[in-house]
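Participant: Numbering (my numbering), first residue to last: 145 to 299. Let me give you the structure first, and then I'll get to my questions.
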């Protein structure tokens, strides 16, 4: 069977690109420590409202300048809807969903995650600048999806 020259060239180029991609992925795991996100914990979505810490959503100071924000996503709101922290604070967000898959994106920060019923998601960021940071649900969750928002007020 005769294979055309250009066909051979494109097959070789395809194999090279694939090999470079696989080596890059492997190097990112070994060298940079990149990994697939995994849940920080599990919780029964049927009883999440009675399960600590989600039975008392809100902000807690865990050390000077360090806070934990426990947020419960439900159809179609976040509880609590507003959090206030001083500038320079480091906040660890501990989030889950009580019903369907939601998203959580906090504007102008690297915070962006999926809230899956039964899984606890944790993300941490430091708020250096005072201002308002809007958080939204970025995963379509039904007819009231557009009402899922809140804010972090940095004072």
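All C-beta atoms in this analysis are idealised placements derived from N, C-alpha and C, irrespective of residue type, glycine included.
With DSSP as the reference, please indicate the residues paired to residue 211 in a beta bridge.
Facilitator: As a working note, residue 211 is residue 67 in the chain shown. Per DSSP, 205, 235.
Participant: Residues in its own chain within less than 8 Å of residue 279 by CB, not counting five upstream and five downstream?
Facilitator: Taking the chain shown and counting its residues from 1, one reaches residue 279 at position 135. Cβ within range, chain order: 222, 248, 249, 250, 251, 255, 293, 294, 295, 296.
Participant: Just how far apart, CA to CA, sit residue 194 and residue 276?
Facilitator: Against the chain shown, residue 194 aligns to sequence position 50. Against the chain shown, residue 276 aligns to sequence position 132. The straight-line gap from Cα to Cα measures roughly 30 Å.
Participant: Let's see if you can read the secondary structure: which residues bound the alpha helix (DSSP H) around residue 174?
Facilitator: Translated into the one-based positions of the chain shown, residue 174 becomes position 30. Per DSSP, residue 174 belongs to the alpha helix (DSSP H) from 149-174.
Participant: Quick one: what does DSSP say residue 276 is sitting in, helix, strand or coil?
Facilitator: By one-based count along the chain shown, residue 276 stands at place 132. Strand at residue 276.
Participant: Is it the case that the stretch 218-238 contacts the stretch 257-272, given that we only count it when at least three CB pairs across the two stretches are under 8 Å?
Facilitator: At 8 Å Cβ cutoff, the stretches touch.
Participant: My guess is that residue 274 and residue 189 are in contact by the Cβ rule of under 8 Å, so how many angstroms apart are they, rounded?
Facilitator: Here residue 274 corresponds to residue number 130 of the chain shown, with the count starting at 1. Here residue 189 corresponds to residue number 45 of the chain shown, with the count starting at 1. Going by Cβ atoms, the distance from residue 274 to residue 189 rounds to 36 Å, so no, they are not a contact pair.
Participant: May I ask you to check if the CB of residue 289 is nearer than 7 Å to at least one heavy atom of the ligand ATP?
Facilitator: Here there are no bound small molecules, and the ligand ATP is not part of this structure.
Participant: Would you identify the three-state DSSP class for residue 249, choosing helix, strand or coil?
Facilitator: The residue labelled residue 249 in the question sits at position 105 within the chain shown. Residue state, collapsed to three classes: strand.
Participant: Below 8 Å on the Cβ atoms is my contact criterion, and I expect residue 175 with residue 240 to pass it. Report the Cβ-Cβ distance as a whole number of Å.
Facilitator: For the purposes of this step, residue 175 is taken as residue 31 along the chain shown, with counting starting at 1. For the purposes of this step, residue 240 is taken as residue 96 along the chain shown, with counting starting at 1. Actually they are not in contact, since the Cβ atoms of residue 175 and residue 240 sit about 32 Å apart, beyond 8 Å.
Participant: Which residues share a DSSP beta bridge with residue 241?
Facilitator: Counting from 1 along the chain shown, the entry for residue 241 is found at position 97. Paired residue(s): 217.
Participant: Below 8 Å on the Cβ atoms is my contact criterion, and I expect residue 264 with residue 185 to pass it. Report the Cβ-Cβ distance as a whole number of Å.
Facilitator: Within the chain shown, the letter at position 120 stands for residue 264. Within the chain shown, the letter at position 41 stands for residue 185. Correct: roughly 4 Å between the Cβ atoms.
Participant: Leaving out five residues on either side along the sequence, give the residues of the same chain with a beta carbon under 7 Å from the beta carbon of residue 288.
Facilitator: Working through the chain shown from its first residue, we reach residue 288 at position 144. The answer, listed in chain order, is 219, 220.
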